[in-house]
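Numbering (the working numbering), first residue to last: 92 to 183.
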Amino acid sequence: AAATALFSSKPTTPSCVPSSFAQDTIGPLANTSFSNAGCNLQCSSGRQWVYQSCTEFGFFQTATAAAQPFMPFGSVLNITTAGNEICRQAFG
Numbered sequence: 092a093a094a095t096a097l098f099s100s101k102p103t104t105p106s107c108v109p110s111s112f113a114q115d116t117i118g119p120l121a122n123t124s125f126s127n128a129g130c131n132l133q134c135s136s137g138r139q140w141v142y143q144s145c146t147e148f149g150f151f152q153t154a155t156a157a158a159q160p161f162m163p164f165g166s167v168l169n170i171t172t173a174g175n176e177i178c179r180q181a182f183g
């Protein structure tokens with residue numbers, strides 16, 4: 092019955108998810124507080140990882156390769172937009 096309901100119901104238009112580069116990406120990276128010991132799943136290490144990517148690794152995940160599912164985004168998700176801009180805004 093559940094499968095029938097799934098395929099026979101009228102399609103719905105998905106709503107857009109609001110997103111802000113400044114609030115959703117840069118905002119958490121600007122938080123300089125350190126998670127206390129024993130924080131379990133509430134620990135945050137994103138700032139440290141991205142800082143290390145910016146200063147030591149020098150590479151970022153991008154969508155520029157032809158044979159991958161995010162290829163249509165390759166023109167806007169490149170090393171400048173996906174990496175350097177995050178480093179510049181988050182760490183100066």
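Just so it is clear, CB atoms sit at the ideal spot from N, CA and C, and this is done for glycine as well.
Note that the structure is predicted; figures quoted are calculated from it, not measured.
When burial is assigned at 16 or more other CB atoms within 10 Å of the CB, is V167 buried or exposed? For the purposes of this step, residue 167 is taken as the residue at position 76 of the sequence shown. So V167 ends up on the exposed side.
Three-state secondary structure (DSSP) of G118: For the purposes of this step, residue 118 is taken as residue 27 along the sequence shown, with counting starting at 1. It is helical.
- Task: Measure the Cβ-Cβ separation of L120 and A181 and say whether it is below 7 Å.
- Result: Walking along the sequence shown from the start, residue 120 turns up at place 29. Walking along the sequence shown from the start, residue 181 turns up at place 90. It is a contact, given that the beta carbons lie within the stated cut-off.
### Query
Which two residues bound the contiguous alpha helix (DSSP H) that contains A181?
Translated into the one-based positions of the sequence shown, residue 181 becomes position 90. Element bounds for A181: E176 to F182.
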